[in-house]
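Under full-length UniProt numbering, read the sequence shown as residues 1 to 256, first letter to last.
The C-beta atom is built at its ideal place from N, Cα and C for all residues, glycine as well.
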Amino acid sequence: MRKWILLFGGIAILVGNVWGIYSMYQPRVGPIGNGKIADQIWVIISISTLTGLFVIAQSVVFFLYDNHKKRFPRLETERFLLRPIEISDAKDVYHYFSQDEVTKYYDLNTFKDIREAKVLIENWQKRYHKKEGFRWGIATREDNKIIGSCGYHNWEKEHFKAEVGFEVTPEFWRKGVMTEVLEPVLRYGFEEMELNRIEALYDPENLASKKTLEKAGFVYEGVLRQSAFEKGYFCDAAICSLLKKENVPQHKLFNI
């Protein structure tokens, strides 16, 4: 709203000045014809015009800032680019979600058709457009190929918290991918999303996720017994969290 008020206010000032200049050149008699008064009017119009231009410039700055904030944030690490996941990435997403070892601890059934990957990508995109969270595609620098994803969901803005989740294709397991990727993602959560608490839920038997989160500084809080019904069974969920005051990485957060 502020940017629109500034824009229309600046335009109104400029229109008023144009009308004032036009009026000065109309045939008339009286004090307006006095050179000193005319000069004073020119000074007023000049100052007013500069004010109008300044107000419009401010509105343009606000427009550009808002547009920047609306763009999907792109992050980078030494080996990976964190970017939006597009429908054109469906083949890569399907590749790893079609493997039982990936979906074993995931709240999704193993994909049987690439259309399932497209639906998932569309859901991630909708979540972003509704400002309910982010899902970054983890792309290799060499070929920009998606090898996994990481992001936020269950974003509760009024409580300054969100849940982080991730997965990686088996070809990149045990290569430190999530340890590297989580750092800028967590930084973004605390600095840009203004989160105070980031949660992570995982299957208590998923020791790989447990170790990854512990390495990132998450504190184990306990087990939510039978907190979800997935694939025909009631499932426990281990929960851990990281608070803003506990997150002290020193590396720079890159936006590209």
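* Which residues in the same chain have their Cβ closer than 6 Å to the Cβ of Leu242, if we skip the five residues on either side of it in sequence? -> One-based indexing of the sequence shown puts residue 242 at position 242. Around Leu242: Ile198, Gly217, Phe218.
* Under the rule that 16 or more other beta-carbon atoms within 10 Å means buried, what is Ala208, buried or exposed? -> Looking up residue 208 in the sequence shown gives position 208. Exposed: under 16 other Cβ atoms inside 10 Å.
* From the DSSP output, which residues share a beta bridge with Phe166? -> Taking the sequence shown and counting its residues from 1, one reaches residue 166 at position 166. Its beta-bridge partners are Cys150.
* **Same chain only: Cβ atoms within 6 Å of Tyr220, ignoring 5 sequence neighbours per side** => As a first step, residue 220 must be located in the sequence shown, where it is residue number 220. Once the five neighbours on either side are set aside, the close Cβ partners of Tyr220 are Cys240.
* Asked: Which residues mark the beginning and the end of the alpha helix (DSSP H) in which Tyr96 is found?
  -> Start at 1 with the first residue of the sequence shown, and residue 96 comes out as number 96. Segment 90–97, the alpha helix (DSSP H) holding Tyr96.
* Asked: Looking at Glu214 and Phe160, is the spacing between their C-beta atoms short of 9 Å?
  -> Here residue 160 is taken as the residue at index 160 of the sequence shown, counted from 1. Here residue 214 is taken as the residue at index 214 of the sequence shown, counted from 1. No, these two residues do not count as a Cβ contact at 9 Å.
* To do: Give the straight-line distance between the Cα atoms of Phe254 and Gly189, rounded to the nearest whole angstrom.
  => By one-based count along the sequence shown, residue 254 stands at place 254. By one-based count along the sequence shown, residue 189 stands at place 189. Below a pLDDT of 50, predicted positions are generally treated as unreliable, and Phe254, at 44, falls in that range; the measurement from the model is reported next regardless. The straight-line gap from Cα to Cα measures roughly 13 Å.
* Report the partner residues of Pro84 according to the DSSP bridge assignment. => Counting from one through the sequence shown, the residue named residue 84 turns up at place 84. Per DSSP, Trp136.
* Give me the Cα-Cα distance between Gly176 and Ile146, rounded to the nearest whole angstrom. => Sequence index remark: in the sequence shown, residue 176 carries index 176 (1-based). Sequence index remark: in the sequence shown, residue 146 carries index 146 (1-based). When rounded, the distance between both Cα atoms is 16 Å.
* Do Arg74 and Leu81 have their CB atoms nearer than 9 Å? -> Walking along the sequence shown from the start, residue 74 turns up at place 74. Walking along the sequence shown from the start, residue 81 turns up at place 81. Yes.
* Check whether the segment 108–126 touches the segment 87–97, counting contact only when three or more Cβ pairs, one atom from each stretch, lie closer than 8 Å. => yes
* Residues near Gly222 in its chain [Cβ-Cβ closer than 7 Å; skip 5 each side] -> On the sequence shown, position 222 is the one that residue 222 refers to. Only Ile239 meet the Cβ criterion.
* Contact the segment 162–179 vs the segment 222–235: 3+ CB pairs below 8 Å -> no
* Simplified DSSP state of Val181, which is helix, strand or coil -> Along the sequence shown, one-based indexing puts residue 181 at 181. In this structure, Val181 counts as helix in the three-state DSSP scheme.
* To do: Evaluate Arg225 with the Cβ neighbour count: other Cβ atoms within 10 Å of its Cβ, from every protein chain shown; 16 or more gives buried, anything less gives exposed.
  => On the sequence shown, position 225 is the one that residue 225 refers to. The residue in question, Arg225, is exposed, as its Cβ has fewer than 16 Cβ neighbours within 10 Å.
* To do: For my contact list, Asn144 and Leu186 are in at a C-beta cut-off of 8 Å; report their separation, rounded to the angstrom.
  => If you number the sequence shown from 1, residue 144 lands on position 144. If you number the sequence shown from 1, residue 186 lands on position 186. 23 Å between Cβ atoms; not a contact.
* To do: Run through the segment 171–218 for me and flag every whole beta strand (DSSP E) of 3 or more residues, listed as ranges in chain order.
  => 197–202
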